[in-house]
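Just so we're aligned, residue 5 is where the sequence shown starts under this note's numbering, counting upward by one.
Virtual Cβ for every residue (Gly too), placed ideally from N, Cα, C.
Keep in mind it's a predicted model, so treat the numbers as computed, not measured.
Before any comments, here is the structure.
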Amino acid sequence: MITVYSEDHNLHTGLLDPRSDTWQESAECPDRANNVAKAIRDQQFGEIIEPQQFADEKILRIHAADYLQFLKTVWQEWEASGEGGANARPDTFVGAGMRYAETDSVVGKLGRYSFDSTSPFVAGSWQAIRTSANIALTGAELINGGERTAFAACRPPGHHATTRYCGGYCYLNNNSLAAQSLLDSGAKKVAILDVDYHHGNGTQSIFYERNDVLTISLHADPKLEYPFFLGYADETGEGKGRDFNVNYPLPFGTDWSSYHVALNDALDRIRKFSPDALVVALGLDTFAGDPTTYFEITTTDFQRMGEAIGKLGLPTLTVLEGGYSVEWIGKNTVRFLTGIESG
Ligand SMILES: [Zn+2]
5 MITVYSEDHN
15 LHTGLLDPRS
25 DTWQESAECP
35 DRANNVAKAI
45 RDQQFGEIIE
55 PQQFADEKIL
65 RIHAADYLQF
75 LKTVWQEWEA
85 SGEGGANARP
95 DTFVGAGMRY
105 AETDSVVGKL
115 GRYSFDSTSP
125 FVAGSWQAIR
135 TSANIALTGA
145 ELINGGERTA
155 FAACRPPGHH
165 ATTRYCGGYC
175 YLNNNSLAAQ
185 SLLDSGAKKV
195 AILDVDYHHG
205 NGTQSIFYER
215 NDVLTISLHA
225 DPKLEYPFFL
235 GYADETGEGK
245 GRDFNVNYPL
255 PFGTDWSSYH
265 VALNDALDRI
275 RKFSPDALVV
285 ALGLDTFAGD
295 PTTYFEITTT
305 DFQRMGEAIG
315 KLGLPTLTVL
325 EGGYSVEWIG
335 KNTVRFLTGI
345 ESG
């Protein structure tokens, strides 16, 4: 299996998260992707290639032009504004009956284009974000070119990002960009299966009224877990998209014995949909050893998960999403991809 990867993600570094009374390095840190690439090299899993470059038109198939402009310029505006702090980060959001008004303030813009405060910007963020999208788009090109499988080692991740909001460590929705690119290259139907621990709210919202993309997400119940305000079982799509979105909210403590039941149901739905290609949004944060989450999926289970998905026999692009055990993310990724290949 070919992996698409770039070192550019290392430019998106020095991100801070509030923990208790102090700021600490964000869980979404460069060593995540570095260790994924290292595990692929160390285990000689397959060739690693650099991403191709793609024009903004590809991004604008999913994201709004004003949002793209914001992502490109926010760091320069932050620096020019004299705002303090190593990270550009919002503190005021459009809620409580307020207007979605245009603003000249960079702090205002950060609030206007963010749905939470977990996705800060540093000097190198834009290049890393744009390269991450290029990685997913290159993966789609590989599938379009006839590869049965490919892996897009994206960082930053993408599944929380919507048409015009960043959040949840995500800025451009890499898996959605890949799915749209496959459709634009001739696929009639594409399925996106999101196995990240968190609901893929961005992916769901992007395709919610469409029937050419089946979106399915298995995740921790949003009643208990981020992103809290989307990801419930009764969200099944609207308009033409009715019945083309499926959510499996699962309780804390979910292990393979119950996870695989939901997964098999999801795979049955994908079979019935009969897509031309599958995009897997692979989060490794369902892992029992993940320091930030509450599922009990083991390293062996990741291979089982890959095998079950691989048995669909579909052209399959796997796109890297979350996963915060820096020590295990690489090993678990390779086990999952090994499963996909053998399935
Ligand atoms: Zn996640």
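Do TYR236 and ASP305 have their beta-carbon atoms positioned less than 9 Å apart in this structure? Going by C-beta atoms, ASP305 is not nearer than 9 Å to TYR236.
Residue range of the alpha helix (DSSP H) that ASP25 falls in? That residue, ASP25, is in no alpha helix (DSSP H); it is neither H nor E in DSSP.
Taking the alpha-carbon positions, what's the GLY310 to ARG168 distance? 32 Å
If I measure Cβ to Cβ from LEU114 and keep anything under 7 Å in the same chain, skipping five residues before and after, which residues do I get? VAL78, ALA92, ARG93, PRO94.
Pull up the distance between the alpha-carbon of ASP216 and that of TYR201, whole angstroms please. Cα to Cα, ASP216 sits roughly 25 Å from TYR201.
Shorter than 8 Å, the distance from the beta carbon of GLY287 to the closest heavy atom of ligand 1, or not? yes
Out of LEU254, LYS335, ASP21, TYR9, point me to the one whose CA is closest to THR302's CA. LYS335
With a threshold of 8 Å, establish whether the CB of ASP225 neighbours any heavy atom of ligand 1. no
Ligand 1 and ASP238: does the residue's C-beta get closer than 8 Å to at least one heavy atom of that ligand? no
What first and last residue would you give for the beta strand (DSSP E) that runs through ASN179? Where ASN179 is concerned, there is no enclosing beta strand (DSSP E), although the alpha helix (DSSP H) it sits in stretches over 178 to 188.
Need the endpoints of the alpha helix (DSSP H) that ASN249 sits in, please. Taken as a continuous stretch (DSSP letters only), ASN249 belongs to no alpha helix (DSSP H), being part of the beta strand (DSSP E) at 249 to 254.
Per DSSP, which residues does VAL126 bridge with? Please list them. Its beta-bridge partners do not exist; DSSP assigns none.
When you measure from the CB of ASP269 to every non-hydrogen atom of ligand 1, does any distance come out below 8 Å? no
Extent of the continuous beta strand (DSSP E) to which VAL330 belongs: Counting along the chain, VAL330 falls outside any beta strand (DSSP E), and DSSP gives it neither H nor E.
Alpha helix (DSSP H) containing ALA43: first to last residue? 34 to 46
Does the Cβ-Cβ distance between HIS203 and SER180 come in under 9 Å? no
Distance, GLY101 Cα to LYS42 Cα: 48 Å
Helix, strand or coil, according to DSSP, for ALA140 in the structure here? helix
For ILE53, collect the residues of the same chain with a Cβ closer than 8 Å to its Cβ; drop the 5 residues on either side in sequence, then sort them by chain order. Counting only Cβ-Cβ distances below 8 Å, and skipping sequence neighbours, we find ILE6, THR7, VAL8, TYR9, THR142.
Helix, strand or coil: which one does DSSP assign to VAL78? Three-state DSSP puts VAL78 in a helix.
Over the uninterrupted beta strand (DSSP E) stretch that includes SER221, give me the two end residues. 217 to 224
Sorry if obvious, but does the Cβ on TYR201 come closer than 8 Å to a heavy atom of ligand 3? Only ligand 1 can be found as ligands here, which leaves ligand 3 out of the picture.
Buried or exposed: TYR328, going by 16 or more other Cβ atoms within 10 Å of its Cβ? Counting Cβ neighbours within 10 Å, TYR328 comes out buried, since at least 16 surround it.
Cβ of GLU325 within 8 Å of any heavy atom in ligand 1? yes
Specify whether the segment 263 to 279 and the segment 146 to 161 touch according to this definition: at least 3 beta carbon pairs, one from each stretch, less than 8 Å apart. no
Residue burial classification, SER85 (beta-carbon count within 10 angstroms, cutoff 16): Using a 10 angstroms sphere on the CB of SER85, the tally of other CB atoms stays under 16, which defines it as exposed.
Any heavy atom of ligand 1 inside 8 Å of the beta-carbon of GLY206? no
Member of ALA270, GLU331, ASP21 whose CA lies at the smallest distance from the CA of ASP120: ASP21
Quick check: is any heavy atom of ligand 1 less than 8 Å from the C-beta of GLY162? no
With C-beta atoms as the reference, is THR258 less than 9 Å away from PHE232? no
Return the Cβ separation of ILE133 and TYR175 in integer angstroms, given the expectation that the two are a contact with Cβ distance under 8 Å. 4 Å
Shorter than 9 Å from the beta carbon of ASP70 to some beta carbon of chain E? Any reference to chain E falls outside this structure, which holds one protein chain only.
On the DSSP bridge assignment, give the partners of LEU321 in chain order. ALA154, VAL283
Measuring only the C-alpha atoms, how far is ASP280 from GLU32? For ASP280 and GLU32, the distance between alpha carbons rounds to 32 Å.
Thinking C-alpha only, which one of ASP12, HIS13, LEU316 is nearest ASN268? Among ASP12, HIS13, LEU316, the Cα nearest to that of ASN268 belongs to LEU316.
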